[in-house]
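Peer 1: In short: position in the sequence shown from 1, add 1, done, that's the numbering used here.
In this text, a Cβ means the ideal position worked out from N, Cα and C, and glycines have one as well.
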Amino acid sequence: MPKIVFNGVTKFYGSSLVVGEVSFAVEDESLTVLVGPSGCGKSTLLGLTAGLDVPSSGSIAIGGRTVNGIGEEVALIFQHNNLFPWATACDNVAFGLEMRGLRRRAARSRARQLLQEVGLESCLEKVPEEMSGGMRQRVALARAVALSHKVILMDEPFT
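(1) Apart from the five residues just before and just after Glu-22, which ones in its own chain have a Cβ nearer than 7 Å to its Cβ?
(2) Roughly how many angstroms lie between the CA atoms of Gly-64 and Thr-45, to the nearest whole one?
(3) Give the DSSP-derived three-state secondary structure of Val-34 in the structure shown.
(4) Suppose contacts are defined by Cβ-Cβ distances below 8 Å. Is Val-75 in contact with His-150 by that definition?
(5) Exposed or buried, Thr-89, counting other C-beta atoms within 10 Å across all chains shown (16 or more means buried)?
(6) State buried or exposed for Ile-5, treating a residue as buried only when at least 16 other CB atoms are found within 10 Å of its CB.
(7) Ordered along the chain, which non-local residues of its own chain (more than five positions away) have a Cβ less than 8 Å from that of Gln-80?
(8) Applying the 10 Å Cβ sphere with the 16-neighbour rule, what's the burial state of Gly-37?
(9) Use the C-beta contact count for Ala-145: other C-beta atoms within 10 angstroms, 16 or more gives buried, fewer gives exposed.
(10) Where in the region 62-150 do unbroken runs of the alpha helix (DSSP H), each at least 4 residues long, occur, reported from the N-terminal end onward?
(11) What does the alpha-carbon distance come out to for the pair Ala-107 and Ala-62?
(12) Once DSSP output is grouped into helix, strand and coil, what is the label at Ser-57?
(13) To the nearest angstrom, report how far apart Gln-138 and Ile-153 are at their CA atoms.
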């Protein structure tokens, strides 16, 4: 069974059609890339998939459940990393784990492990302004992976 199914998805903003009659399926454990010119609706489709907005018509289902708002199974990594500027890389990754009830020590341990996996073991205690854009995006990726999301959506994360 496909992990994500788009069935006749359209999106209008006012009278402007932004996404028109999109239907396709993304298989489980696959990598899918949306390619197109600026303004063609790629970011809008990602936002709809994440539940940040609703389609004007059609539906999106993840794992057989219709997307009806923001759900815990989806992470969205934006072009701008949205890290907490005052928090270290380790604390940025650990934040979501702590919000889900993991004790601080365990959350930071998992964060350190993930930051090592993305090649940032030397940046554990650096704040975002002390890291390059690519490093900040790897922190954002580690943060998304830390919460074991079933789906990770990336909107131009490395530009």
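Peer 2: Judging by the given coordinates:
(1) Excluding positions up to five away in sequence, the list reads Gly-9 and Thr-11.
(2) Rounded to whole angstroms, Gly-64 to Thr-45 spans 21 Å at the Cα level.
(3) Coil, per DSSP.
(4) In contact: Val-75 and His-150 (Cβ atoms closer than 8 Å).
(5) Thr-89 comes out buried.
(6) Flag for Ile-5 reads buried.
(7) Around Gln-80: Asp-156, Glu-157, Pro-158 and Thr-160.
(8) The Cβ neighbour count for Gly-37, taken over all protein chains shown within 10 Å, is under 16; the residue is labelled exposed.
(9) By the neighbour-count criterion, in which 16 or more other beta carbons inside 10 Å mark a residue as buried, Ala-145 falls on the buried side.
(10) Counting only runs of 4 or more, we get 90-100, 105-118 and 134-147.
(11) When rounded, the distance between both Cα atoms is 33 Å.
(12) In this structure, Ser-57 counts as coil in the three-state DSSP scheme.
(13) The C-alpha of Ile-153 is placed about 13 Å away from the C-alpha of Gln-138.
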